[in-house]
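Asks: Residue numbers (the working numbering): 133 to 303. Where a beta carbon is used, it is the ideal one built from N, C-alpha and C, also for glycine. Just passing along the structure, written as structure tokens.
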Amino acid sequence: MERGAGAKKIKVVLAEGTFDLLHYGHVYYLTGAKRAGGENSRLIVIVARDKTVEKLKGRKPVIPEDQRRAIVEALKVVDEAILGFEEMDMVRVIEKIKPDIIALGYDKEEIEKNLKKYIEEKKLGIEVIRIGRFEGKEPISSSDIRRKIIEEYQSQSNLNKWANNIISKTL
């Protein structure tokens, strides 16, 4: 995409993920993806379908796919968010989007290896990068959030049982 003589090419950066229980690690990843494309970049994010998440992770996402897509697209750094194909098919995504850069998360080693092999075989000239993990005071993931919610719920539930037990003994 160019506008007039001397205009810089707009680099298309492709990122992907589930983005269930959106947290700062997701923002860090998407910001890094956008930066990888430089000043004139367009960040397109593929949001995994509910069925895909269930196949890969063995559970349904907490937030439905349409809402996850809308939440991701609402982020300032994201230019467009679209739902992935029903069957997890990065080849079709690459053919449709035609990115200059594919930005993967820190934990996507296997996908990176397979993508690089495919891109090299097809001589597509797409750069594949991985964005490092956010290393703040407390690394966070959607799994961490789920675990904390469950622990807090169980703690409150146990506290309520304890309090009810005390009350019933005093009456």
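1) In the DSSP output, what is residue 174 paired with across the bridge?
2) Tell me the start and end of each unbroken beta strand (DSSP E) in the segment 188-228 that is at least 3 residues and wholly inside, in chain order.
3) Please report how far the alpha carbon of residue 177 lies from the alpha carbon of residue 143, in whole angstroms.
4) Please report the Cβ distance between residue 212 and residue 205, rounded to the nearest whole angstrom; I am assuming they are in contact, meaning their Cβ atoms lie under 8 Å.
5) In the DSSP assignment, the beta strand (DSSP E) including residue 236 goes from what residue to what residue?
6) Can you tell which of 155, 145, 141 and 250 has the C-alpha that lies nearest to the C-alpha of residue 265?
7) Pull up the distance between the alpha-carbon of residue 141 and that of residue 184, whole angstroms please.
8) If you check the beta carbons only, do residue 272 and residue 165 fall under 9 Å apart?
9) Starting from residue 181, trace the alpha helix (DSSP H) in both directions and tell me its first and last residue.
10) How far does the beta strand (DSSP E) with residue 267 in it extend, from its first residue to its last?
11) Between which two residues does the beta strand (DSSP E) harbouring residue 261 extend?
12) Could you give the distance in angstroms between the alpha-carbon of residue 286 and the alpha-carbon of residue 147?
13) Flag this pair as yes or no: are the beta carbons of residue 234 and residue 260 separated by less than 9 Å?
Replies: The short version:
1) 144
2) 212-215
3) 14 Å
4) 7 Å
5) 233-236
6) 155
7) 33 Å
8) no
9) Note, residue 181: premise wrong, no alpha helix (DSSP H); not H, not E.
10) Neither: residue 267 is in no beta strand (DSSP E) and is coded neither H nor E.
11) 259-262
12) 36 Å
13) yes
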